[in-house]
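In this note's numbering, the protein residues as written are 2 to 162.
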């Protein structure tokens, strides 16, 4: 994997990059892709007033992957990991894990102590489940048929030091 840099500041060009990353993954529905785009657009429009935070990994102005996270409203120190996506050609090379570690450091520096990540229970998401577990997350809850019949929601959590 080529060297890359992290960037937290969102740029207007990131909307297209996010759409491309999320769409090309093959994991997300059209509605989910639209949500990823909306979160980026909200951050651009509302700037620091938005509760969404972003971390981008990039090389030569190409977004290689990103996370979107934020403090859960009405909590003191619990954060959601809304999105973590890595370019298809870089999956399995450790970039996702590096993005997650850096995101966790940023959350911890902001006073975050508990992280949550939600994902589908469909077989297609088994690599996602393994990814979260390899990053030290544990399954906290399973909500049967949450997204659709036969498609439950798995909620993972991790306590930061």
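Idealized CB from N, CA, C, for every residue including glycine.
Worksheet item: How big is the Cα-Cα spacing for residue 36 and residue 43?
Response: Those two C-alpha atoms are separated by around 10 Å.
Item to complete: Flag this pair as yes or no: are the beta carbons of residue 107 and residue 144 separated by less than 8 Å?
Response: No.
Fill in: Rounded Cβ spacing between residue 80 and residue 116 (contact assumed at less than 8 Å)
The Cβ separation is near 5 Å, so the contact holds.
Worksheet entry | Burial state of residue 63, where buried means 16 or more other Cβ atoms lie within 10 Å | With a 10 Å radius around the Cβ and a threshold of 16 neighbouring Cβ atoms, residue 63 comes out exposed.
Worksheet item: Apart from the five residues just before and just after residue 73, which ones in its own chain have a Cβ nearer than 6 Å to its Cβ?
Response: Correct list, in chain order: 79, 81.
Worksheet item: Do you know whose CA, among 133, 127, 19, lies nearest residue 95's CA?
Response: The alpha carbon of residue 95 has as its nearest neighbour, out of 133, 127, 19, the alpha carbon of 133.
Discussion item. Quick check on residue 111: does DSSP put it in helix, strand or coil?
Written reply: Looking at residue 111 - three-state DSSP - the assignment turns out to be coil, as it is neither helix nor strand.
Worksheet entry | Opening and closing residue of the beta strand (DSSP E) in which residue 44 lies | Where residue 44 is concerned, there is no enclosing beta strand (DSSP E), although the alpha helix (DSSP H) it sits in stretches over 31-47.
Worksheet item: Measuring CB to CB, does residue 113 end up less than 8 Å from residue 161?
Response: Yes, Cβ-Cβ distance for residue 113 and residue 161 is below 8 Å.
Worksheet item: Hey, out of 12, 30, 21, whose CA is closest to residue 121's CA?
Response: Each of 12, 30, 21 was checked against the Cα of residue 121, and the nearest Cα belongs to 30.
Practice prompt. If I'm right that residue 13 touches residue 45 with Cβ under 8 Å, what's the distance once you round it to whole angstroms?
Written response: Confirmed, Cβ separation roughly 6 Å.
Fill in: Reference residue 118; option with closest CA among 142, 10, 110, 22
That would be 142, whose Cα lies nearest to the Cα of residue 118.
Fill in: Three-state secondary structure assigned by DSSP to residue 90
It is helical.
Item to complete: May I have the straight-line CA-CA distance separating residue 157 from residue 140, to the nearest angstrom?
Response: One alpha carbon belongs to residue 157, the other to residue 140, and they sit about 4 Å apart.
Discussion item. In this structure, how does DSSP classify residue 125 when only helix, strand and coil are distinguished?
Written reply: Here residue 125 sits in helix by DSSP.
Fill in: Spatially closest choice to residue 76 from 52, 86, 88, by CA coordinates
Comparing Cα-Cα distances from residue 76 to each of 52, 86, 88, the minimum goes to 52.
Fill in: Contact with chain C by residue 131, beta-carbon distance below 8 Å
Absent from the structure is chain C; it holds one protein chain and no more.
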